[in-house]
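Please read the structure below before turning to the comments.
2 protein chains.
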Amino acid sequence: MASEIKNLENLCIHTITTKPLKFEVACAKYAALGIKGISIWRDAVDGLDHRSVVSCLKENDLTPVSYVRGGFFPAFEKRKRDSAIKDNILMLREAAAMEIPMLVLVCGAEPRQSLQQSRDQIRQGIETILPKARELNVKLAIEPLHPMYADTRSAITSLEQANAMAEYFGDDFLGIAVDVYHLWFDGDLENQIKRCGSNHNLFAYHICDWNVPTVDMLLDRGVMGEGCIPLKQIRGWMEEAGFRGFHEVEIFSTRFWEGDQDNFLDKIVNAYRKHS
Amino acid sequence: MASEIKNLENLCIHTITTKPLKFEVACAKYAALGIKGISIWRDAVDGLDHRSVVSCLKENDLTPVSYVRGGFFPAFEKRKRDSAIKDNILMLREAAAMEIPMLVLVCGAEPRQSLQQSRDQIRQGIETILPKARELNVKLAIEPLHPMYADTRSAITSLEQANAMAEYFGDDFLGIAVDVYHLWFDGDLENQIKRCGSNHNLFAYHICDWNVPTVDMLLDRGVMGEGCIPLKQIRGWMEEAGFRGFHEVEIFSTRFWEGDQDNFLDKIVNAYRKHS
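Encoded structure:
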């Protein structure tokens, strides 16, 4: 079973979670609540000077965890695949400049070709950017997505497939982001987390909840405890597999984005203590 | 690869596909197009005399394929589980009275308990109704559902899990309905179809397509060829695994239900010939 959550040392928030807040405001609010980690979505720092981002993080004693999100390698046209690789390398440079140690890969899928072809293009994309990741000291984390996103967002739809991809490379700079939203139902999840840990590939852990009912396929994630994901059980498996990193709250929610962000953050912190 | 589709001998339509049509009208329209099979949703024949249903099928030379849908075994309260079993037995009697040879099981899930607990209750439910299925000569087909329905509709979210459940019983009266909508993305699908066939558990094959984008989690299925499901490849696997039954078109679609049903049926027949 999962260990008791005694403090907020491992709590991290993705900036997308509080999408309406400007970056500096989000940092100040997270810090005021005692949150220690932040994962930064590209849009949140668009147009900001990288040094000012680093300063803002230091002033608020926030540890940057992940830069989100690279990937989207598959495309029907070679021109588009090349362009995706260029953009991933640019994101690696941005992450390095902001001292963010990891880039999350939402790997992508192209509905006009087979999932296997998309996975081949993902492998080629990762192969191409890995040397740059190593050079810049920014790790890559493959995030397997829920199968309902297999058409356009990710041909990697299970932890098993992500494990196989990471093991194919066997590289210290390539691992996996386990997001409960995408994987909670998988009957093989405990085993695959164990496998991931034993190969030193457990790079990140994302949490939220699955609302019952879910009214939107993308923008209706719940706060921990609101839905049906067995969060403590999955965290227990992560801990048993050796994971000691941040617990990253990543919630896309039209409902919460429309509401007061201070209330929302309070709710997240309470839910984190009680239900994650 | 899949064999060429030369005629409509194996085409079957689920009544829910043309939801706005009354049962007798649906039967007449299917027959006029040369469609040979019909799968009957319970709501379509609600209130009709069973003998009149049988007559209507015979008059239109339609073969009844499946009665849809039993299951929904898991519940938090024993009273509700007992009630689900009673209702399944009633559906078996209805199927027998209408000379429908198979009941499809959408197995159910209860978000307040673990998926494993729900699967245990599904196994108990099947165990309880199997003798009645045999007595009434109505087969049971477990339909694994897409993981996006794991919260309330089915704790069986993969063909692997359905195979394991069917093999646990090893009963001629229990098999599996393979629906491309729920399983198309599964990297292990070919193997699992092979396994299902070799255990004589391939009872039914449901087709439609996955729209890109999909705007509703339940009611936005596409007609074959509109989306990204590799239909011919999957049918090829079904045929290689020995399946020779009907190809059942099951489409839930607000968009098509709002339109002209004759045009919709023409579209289905053309799409069946070209894209399935």
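Chains as they are written, first to last, in our numbering: chain F, 786 to 1061; chain S, 786 to 1061.
Just so it is clear, CB atoms sit at the ideal spot from N, CA and C, and this is done for glycine as well.
Computed from a predicted model, the values in this text were never measured in an experiment.
Beta-bridge pairing of residue i - partner residues as DSSP gives them
i	result
I825(F)	Y852(F)
S983(F)	Its beta-bridge partners do not exist; DSSP assigns none.
C797(S)	G822(S), E1033(S)
R1006(S)	W995(S)
S1038(F)	D1005(F)
Residue i (DSSP reduced to helix, strand or coil)
i	result
S788(F)	coil
A1026(S)	coil
L818(F)	coil
D1047(S)	helix
I992(F)	strand
G1021(F)	helix
K1013(S)	Before going on, a small fix: residue 1013(S) reads as Cys here, not Lys. In the structure shown, C1013(S) sits in coil (DSSP, three-state: anything other than H, G, I, E or B).
K804(F)	coil
V1000(S)	coil
Contacts of residue i in chain S (Cβ-Cβ under 8 Å)
i	result
H931(F)	P932, M933
Option nearest residue i by Cα separation, candidates the options
i	options	result
Q901(F)	A881(F), F858(F), I823(F), K843(F)	F858(F)
F946(F)	R1029(S), G972(S), G1044(S)	The sequence shown places Gln at residue 946(F), not Phe. Minimum Cα distance to Q946(F) is reached at G972(S).
E809(F)	N792(F), E789(F), D834(F), K791(F)	D834(F)
N986(S)	A1026(S), W969(S), Q1018(S), L875(S)	A1026(S)
V965(S)	V1034(S), S903(S), S899(S)	V1034(S)
T803(S)	K1052(S), L930(S), S1061(S)	K1052(S)
L915(F)	L1050(F), E1011(F), I874(F)	I874(F)
E895(S)	K863(S), L877(S), E920(S), M876(S)	K863(S)
M1009(S)	N1055(S), R1040(S), I823(S)	N1055(S)
A880(F)	L847(F), C892(F), Y852(F)	Y852(F)
V1000(F)	S903(S), D936(S), D1047(S)	D936(S)
N922(F)	K979(F), E884(F), W1042(F), I961(F)	E884(F)
N948(F)	R980(F), P849(F), E844(F)	R980(F)
F861(F)	M876(F), S903(F), I870(F)	S903(F)
S837(S)	A882(S), P805(S), T848(S)	A882(S)
P932(S)	K924(S), T942(S), L925(S), A926(S)	T942(S)
F958(S)	E975(S), I978(S), L944(S), F988(S)	F988(S)
A811(F)	Y1057(F), E1043(F), G832(F), N845(F)	N845(F)
L818(F)	E789(F), K1059(F), F1049(F)	F1049(F)
T848(F)	R897(F), K821(F), L974(F)	K821(F)
L890(S)	R878(S), I907(S), R897(S)	I907(S)
D1045(S)	K814(S), N984(S), N976(S)	K814(S)
C1013(S)	M876(S), L925(S), H967(S)	H967(S)
E920(S)	G982(S), R878(S), L944(S), P929(S)	R878(S)
W969(S)	C993(S), A951(S), A787(S), R897(S)	C993(S)
Q898(S)	S1061(F), H991(F), P1015(F)	P1015(F)
H799(F)	A829(F), L793(F), S788(F), A787(F)	A829(F)
L796(S)	V850(S), V839(S), A918(S)	V850(S)
A918(F)	M950(F), A940(F), G960(F)	G960(F)
I927(F)	R866(F), P805(F), H991(F)	H991(F)
G955(F)	G1030(F), L925(F), R866(F)	L925(F)
V997(S)	N984(S), L1004(S), E1011(S), L1003(S)	E1011(S)
I911(F)	Y953(F), R938(F), G1021(F)	Y953(F)
Where residue i meets chain F, residues with beta-carbon distance less than 8 Å
i	result
T999(S)	M933, D936, M1002
Contacts that residue i makes with chain F (C-beta to C-beta distance below 7 Å)
i	result
T942(S)	F970
C1013(S)	P896, D936
W995(S)	D936
S899(S)	P1015
7 Å Cβ cut-off: residues of chain S touching residue i
i	result
Q946(F)	G972
Closer than 8 Å to chain B by CB, residue i
i	result
G1010(S)	Checking the listed chains, one finds no chain B in this structure; the protein chains it contains are F and S.
What runs of the alpha helix (DSSP H), each 4 residues or longer, lie entirely inside the stretch 833-911 of chain S?
835-844, 863-882
For the stretch 914-987 of chain F, which segments carrying the alpha helix (DSSP H) assignment without a break, of at least 4 residues, lie completely within its bounds, in sequence order?
944-954, 965-968, 974-983
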